[in-house]
Amino acid sequence: MPYIPHTDSEIREMLNAVGVSSIEELFAEIPEDMRPKSFDVPHGMTEMAVLRHMENLAAANDIDMVSFLGAGFYDHDSPAAASALISRGEFYTAYTPYQPESSQGTLQAIFEYQTAITRLFEMECSNAGVYDGGTALYEAIMMAVRATKRRKVVISEAVNPIYRIVISTYTKNLKLELVTVPHVQGRTNFEGLVDAIDDKTACVVVQNPNFFGCVQDFTELFNAAKALGALSVMSGYPVLQSVIKTPGAMGADICVAEGQSLGLPLSFGGPYLGIMTCTKKLVRQMPGRIAGRTTDVDGKTGYVLTLQAREQHIRRQKATSNICSNQALCALQTLVHLCLLGDEGLRRQALLSMENAQYAAAQLMELEGVRLLNDAPFGNEFTVLFPGRGREICVSLMSRGIIPGFPTGRYYKGLENGLLVCCTEKHTRAEIDEMVELIGGLA
Amino acid sequence: MISNDLLYTKTHEWLRQEDDIAVVGITHFAQEQLGDITFVELPNVGDTITAGEEMGSVESVKAASELYSPVTGEIIEVNAQLDDAPELLNDDPYGEGWIIKIRCSEDPEGMLSPEEYADYIESEH
């Protein structure tokens, strides 16, 4: 089939069939002033010229910088075998590959993905993924609203501000009361959250580690919420979940996360994967697809999409979400990554990242006038305050090939001197030393 | 199978009147159409419901259907057994598989007698 389907004779044939004599006549219905002045389509280029053009465009990106950016998206390593396996043509198949129950392989992979994720978070149920961490958090809030039939949502300001923007945008036209409780020096404000929860509250929403990197235990907060009939929603960081107290152990009702850190590359913002888990009690409120394992009439193991009686293709008006595309390939990539790393590999990845962060923080503290935002425990990310503005430090270092972190002043008033610094197992001591040295040289 | 001492709706609920208390469930015909029932979404005790309006749903392996209230009143009891054993709706729809008890604030209106319901499902299906 040619790439350009319309030859002159085909166009004439189609015009004849419609009963008009020219393209102009075909579009005569469209008022003159509403038609495009010109299509401005450039002439064709040779393959070599196109390649050169694309390479020049790609070269305009800074792809060789050393980055200490995190803030919800993390540059972790993934075994080369993971991308080799996921690149197999069988996985890049038709739209909604899990739909027919004959796709046993895909359904089994989804089932195993769900199993891996529920074990990681110590939660009872997982779906097969939604778009990303931010939309997952929005869906979690809507689950709580439906389950409790209440309309107030209490959210910590230490939840990723990008997610909070997603939530306020998505809920703009819904009759929800969104109460944001300010952080205290980067710590999640437990007292403020408990005070804000009342008998009208659907859920309390927190993040662990929070946006500033603090690792906290939310068990008591979740108990307090439960006592008032509110659900507990947490946004987590999957890699660290292998070493810190799990949302399940803290008593969370719903836990969501951005799945990117589990083997998906930082690819200019996606596609990423929204992880969603919950207690069994809430499973019917969970949007998206869930694969289950069962036995057929002959007693053989089979995998099926389950709980789909509420899905939009059966009861559109009752569907719990309008998510119609599944993140099957991203979920599969996550599963392959987790299987290749294993428990120990994931744990090592987390511990090495945290060691690097501890080292970076200690080195930065050696600089004059530099201090940590607070003394709370942190994982692989921490907020550090400088005598100068965080953003200016970033700009200065970027010209030297290093992005030292995320300037907190972008989203938090009063924290203009802050930088959120993230390390992963991929950073070397030399890179950290160079970053610290360059910052030290700015004074 | 239609029980002779009950009243019926066209949406396949049954009602057993005991003074001002009404017990409500779904019919044998309904459970047969739905197949294996996996979940019953119940209203809350204390909720006020209106005749003809949605009060919950029944989910089976192949479909989910709304439950409509046959009468107006206040929910005084729900069959908590259904949380763990929704299959009671299949096994004993007119007995153990009852769904809610309502304190009626009005008399039921426009309900079908056992004979009318039998004719109705005969003609509709």
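Protein chains in written order, with the working numbering: chain H, -8 to 434; chain P, 374 to 498. Every residue gets a Cβ at the ideal spot worked out from N, C-alpha and C, and that includes glycine.
Residue range of the alpha helix (DSSP H) that includes residue i
i, result
"Gly125(H)", "Gly124 to Thr139"
"Gly333(H)", "Ala319 to Met356"
"Arg427(H)", "The residue asked about is misnamed: residue 427(H) is Val in this sequence, not Arg. Element bounds for Val427(H): Arg420 to Leu433."
"Tyr104(H)", "Gln95 to Phe112"
"Met39(H)", "Glu38 to Ala50"
"Asn463(P)", "Leu461 to Asp464"
"Lys217(H)", "Thr210 to Ala218"
"Tyr294(H)", "Per DSSP, Tyr294(H) belongs to no alpha helix (DSSP H); it is in the beta strand (DSSP E), Thr292 to Thr297."
"Ile158(H)", "Pro152 to Tyr161"
"Val386(H)", "Gly381 to Met389"
"Phe402(P)", "His401 to Leu407"
Beta-carbon proximity check, residue i vs residue j, cutoff 8 Å
i, j, result
"Ile235(H)", "Gly396(H)", "no"
"Gln198(H)", "Ser223(H)", "no"
"Ser433(P)", "Leu407(P)", "yes"
"Val431(P)", "Ser438(P)", "yes"
"Glu113(H)", "Thr237(H)", "yes"
"Tyr294(H)", "Gln105(H)", "no"
"Ala131(H)", "Ile245(H)", "yes"
"Asp123(H)", "Gly265(H)", "yes"
"Leu440(P)", "Gly425(P)", "no"
"Gly431(H)", "Leu358(H)", "yes"
"Val195(H)", "Val145(H)", "yes"
"Ala319(H)", "Thr126(H)", "no"
"Glu489(P)", "Val444(P)", "no"
"Leu323(H)", "Phe82(H)", "yes"
"Asn347(H)", "Ile423(H)", "yes"
"Ser312(H)", "Gly279(H)", "yes"
"Ile473(P)", "Gly446(P)", "no"
"Glu103(H)", "Leu429(H)", "no"
"Ile375(P)", "Pro466(P)", "no"
"Glu450(P)", "Leu461(P)", "no"
Selected residue, minimal CA-CA separation from residue i, among the options
i, options, result
"Asp334(H)", "His(-3)(H), Pro378(H), Gln99(H) and Arg110(H)", "Arg110(H)"
"Leu342(H)", "Leu320(H), Tyr263(H) and Val230(H)", "Val230(H)"
"Gly405(H)", "Thr415(H), Ser390(H) and Phe377(H)", "Phe377(H)"
"Asn52(H)", "Val121(H), Ser258(H), Glu249(H) and Pro152(H)", "Ser258(H)"
"Gly379(H)", "Tyr83(H), Arg362(H) and Pro173(H)", "Arg362(H)"
"Pro262(H)", "Ala243(H), Val288(H), Cys246(H) and Cys321(H)", "Cys321(H)"
"Asn156(H)", "Tyr402(H), Pro(-4)(H), Leu411(H) and Val327(H)", "Rather than Asn, the amino acid found at residue 156(H) in this sequence is Ile. When each option's Cα is compared against that of Ile156(H), the closest is Tyr402(H)."
"Ala458(P)", "Cys477(P), Glu450(P), Ile410(P) and Met484(P)", "Ile410(P)"
"Met345(H)", "Thr171(H), Asp68(H) and Glu372(H)", "Glu372(H)"
"Gly400(H)", "Ile384(H), Met389(H) and Ser390(H)", "Ile384(H)"
"Asp66(H)", "Ile153(H), Pro256(H), Leu329(H) and Leu212(H)", "Pro256(H)"
"Glu482(P)", "Trp471(P), Tyr381(P), Gly468(P) and Asn463(P)", "Tyr381(P)"
"Ser117(H)", "Thr210(H), Gln276(H) and Glu20(H)", "Gln276(H)"
"Gln232(H)", "Asn164(H), Val247(H) and Phe102(H)", "Val247(H)"
"Asp392(P)", "Ala436(P), Asp492(P), Ile475(P) and Pro487(P)", "Ile475(P)"
"Arg178(H)", "Thr374(H), Arg420(H), Ile394(H) and Ile153(H)", "Thr374(H)"
"Ile108(H)", "Leu429(H), Arg284(H), Leu253(H) and Arg338(H)", "Leu253(H)"
"Ile393(H)", "Val57(H), Glu20(H) and Thr(-2)(H)", "Val57(H)"
"Leu128(H)", "Ala119(H), Val11(H) and Ile158(H)", "Ile158(H)"
"Ala436(P)", "Val413(P), Glu427(P) and Ala453(P)", "Val413(P)"
"Leu355(H)", "Ala310(H), Met267(H), Leu411(H) and Ser390(H)", "Leu411(H)"
"Leu169(H)", "Thr160(H), Val175(H) and Gly242(H)", "Thr160(H)"
"Gln299(H)", "Gly10(H), Val274(H), Gln176(H) and Arg391(H)", "Val274(H)"
"Gln251(H)", "Ala50(H), Gly220(H), His328(H) and Leu165(H)", "His328(H)"
"Ala453(P)", "Asn417(P), Asp464(P) and Leu379(P)", "Asn417(P)"
Beta strand (DSSP E) segment containing residue i, residue limits
i, result
"Ile14(H)", "Not the beta strand (DSSP E): Ile14(H) falls in the alpha helix (DSSP H), residues Ile14 to Leu17."
"Ser147(H)", "Lys143 to Ser147"
"Ala437(P)", "Ala437 to Tyr441"
"Phe412(P)", "Ile410 to Glu414"
"His417(P)", "In the sequence as displayed, the identity of residue 417(P) is Asn instead of His. Element bounds for Asn417(P): n/a, residue is neither H nor E."
"Thr285(H)", "Ile281 to Thr286"
"Val185(H)", "Element bounds for Val185(H): not the beta strand (DSSP E) but the alpha helix (DSSP H), Phe181 to Ala187."
Residue i CB to nearest heavy atom of the ligand SAM below 7 Å
i, result
"Asn7(H)", "Among the components of this structure there are no ligands whatsoever, and the ligand SAM is therefore not found."
ask   = On the three-pair Cβ rule with 8 Å, is the region 177 to 186 of chain H touching the region 121 to 137 of chain H?
value = no
query = With contact counted as at least three CB pairs below 8 Å, one residue from each stretch, are the region 26 to 38 of chain H and the region 211 to 218 of chain H in contact?
reply = no
key: Stretch-stretch touch, CB-based, cutoff 8 Å, three pairs: the region 382 to 400 of chain P with the region 406 to 421 of chain H   = Segments in contact, no.
task = Count the C-beta pairs between the region 200 to 212 of chain H and the region 140 to 153 of chain H that are closer than 8 Å, then say yes if the count reaches three, no if not.
result = Yes, the region 200 to 212 of chain H is in contact with the region 140 to 153 of chain H.
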